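Reading through the structure tokens given below for one structure.
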Amino acid sequence: MEQDSDGIHWSIAANNIEDQRTAADCQKLRKVQVARGIVFYANPLIHGFPWSVPDTIANKHVLLALKKQPFRRYKGSDSALTRTLETLQDLAEGSA
């Protein structure tokens, strides 16, 4: 098995060596890989970087949720950043 570039779908390796025990399984997998039907549960351990999404996110929506995370973090950090800047400005004015 080889992982596709999207990190979720899989396909049968071109150099796959079949034997009598795996021939039937490989044949079934080849049929469904055309429809991109080989999908495993998304897991951060199979990627080169750590990530996490809430358990409520469906497997097919993991990539979309990951793409939205930076914007949501930025959007949520705005109020905390504003408070920090106001505190620093007050301290700067008080020491001047």
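Throughout, the working numbering is defined as the position within the sequence shown, counted from one, plus 35. Glycine included, every Cβ here is placed at the ideal spot set by N, Cα and C. Everything numeric in this text was worked out from a predicted model, so none of it was measured.
Alpha carbons only, please: which of the options is nearest the one belonging to residue i?
| i | options | result |
| --- | --- | --- |
| residue 70 | 86, 60, 45 and 89 | 45 |
| residue 38 | 85, 59, 122 and 68 | 68 |
Can residue i and residue j be called in contact, C-beta distance under 8 Å?
| i | j | result |
| --- | --- | --- |
| residue 41 | residue 126 | no |
| residue 47 | residue 64 | yes |
Would you report the Cα separation of residue i and residue j, rounded to the nearest angstrom?
| i | j | result |
| --- | --- | --- |
| residue 57 | residue 50 | 14 Å |
| residue 102 | residue 85 | 14 Å |
| residue 54 | residue 80 | 29 Å |
| residue 116 | residue 122 | 10 Å |
| residue 88 | residue 110 | 17 Å |
| residue 91 | residue 129 | 47 Å |
| residue 36 | residue 119 | 50 Å |
| residue 124 | residue 95 | 46 Å |
What does DSSP give as the partner residues of residue i in its beta bridges?
| i | result |
| --- | --- |
| residue 45 | 38 |
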